[in-house]
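Here is the structure we will look at, set down as structure tokens.
The following block contains the structure:
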């Protein structure tokens, strides 16, 4: 994906602003529920709608990977509907992604196109994915993980995200390569054992 010019910087800045408003530093866990409350975006779990349609049971039990979350609109008001049958770490990622749509002011789009197919805008989905990741795992945290303080496992536990999300953000930021380069260019250079 080629993001629009300046998007990654904008996303990092926006994530820092959001964290500052919530009183969080780059190493603190961001609670998507708290952010949603701050943004006045209600969140509904599929289980809350289970009595409304038999399809809900299908999405939660039979085929839980078929649905993660969606933002629905009533005029300009957003509501997030998410699969609360997923693991807590997955729910955090799903919610951060949907909240990113709101923070980026992505406009509503029809669910289906004129052929009855799912309407999908890859550009805005990629932007929401990028910002959602930054909200949960900051660039500063990826550098700290690459330095080994904390470990990836400890960071995943502390931030309430999956190891896959940690790996995604580590790769996206190039944190390990950046730390290697910084160590190699340090005044004494990397230490090597002589045989």
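Residue numbers (this note's numbering): 4 to 198. Heads up, the beta-carbon is just placed ideally off N, CA and C, and yes, glycines get one too.
Taking DSSP as the reference, what is the three-state secondary structure of residue i?
i, result
"residue 80", "strand"
"residue 136", "helix"
"residue 115", "strand"
"residue 198", "With a pLDDT of 47 at residue 198, under the threshold of 50, the modelled position of this residue cannot be trusted, and the question is left open."
"residue 151", "coil"
"residue 121", "strand"
"residue 89", "coil"
"residue 141", "coil"
"residue 21", "helix"
"residue 5", "coil"
"residue 158", "helix"
"residue 75", "strand"
"residue 108", "coil"
Measure the C-alpha to C-alpha separation of residue i and residue j and round it to an integer number of angstroms.
i, j, result
"residue 109", "residue 189", "43 Å"
"residue 39", "residue 117", "32 Å"
"residue 155", "residue 148", "6 Å"
"residue 13", "residue 89", "30 Å"
"residue 98", "residue 186", "36 Å"
"residue 45", "residue 180", "39 Å"
"residue 79", "residue 35", "21 Å"
"residue 104", "residue 151", "32 Å"
"residue 227", "residue 30", "With the chain running from 4 to 198 in the structure shown, residue 227 is simply not present."
"residue 26", "residue 71", "28 Å"
"residue 84", "residue 50", "10 Å"
"residue 184", "residue 153", "19 Å"
"residue 18", "residue 68", "28 Å"
"residue 141", "residue 15", "8 Å"
Which residue from the options puts its Cα closest to that of residue i?
i, options, result
"residue 182", "165, 29, 144 and 157", "144"
"residue 52", "168, 178 and 87", "87"
"residue 76", "112, 166, 93 and 68", "112"
"residue 11", "23, 134, 151 and 165", "134"
"residue 6", "73, 29 and 130", "130"
"residue 32", "174, 107, 146 and 158", "158"
"residue 167", "95, 8 and 85", "95"
"residue 127", "43, 101, 139 and 171", "101"
"residue 172", "191, 136 and 184", "136"
"residue 37", "15, 132, 139 and 74", "139"
Since residue i and residue j should fall inside the 8 Å C-beta cutoff, what is the C-beta to C-beta distance between them, to a whole number of angstroms?
i, j, result
"residue 164", "residue 82", "Residue 164 to residue 82, Cβ: 24 Å. No contact."
"residue 122", "residue 114", "6 Å"
"residue 21", "residue 107", "So it is not a contact: roughly 11 Å between Cβ atoms."
"residue 146", "residue 175", "With 8 Å as the limit, residue 146 and residue 175 do not qualify as a contact, their Cβ atoms being about 12 Å apart."
Any beta carbon from chain C within less than 9 Å of residue i's own beta carbon?
i, result
"residue 170", "Chain labels in this structure do not include chain C; a single protein chain is all it has."
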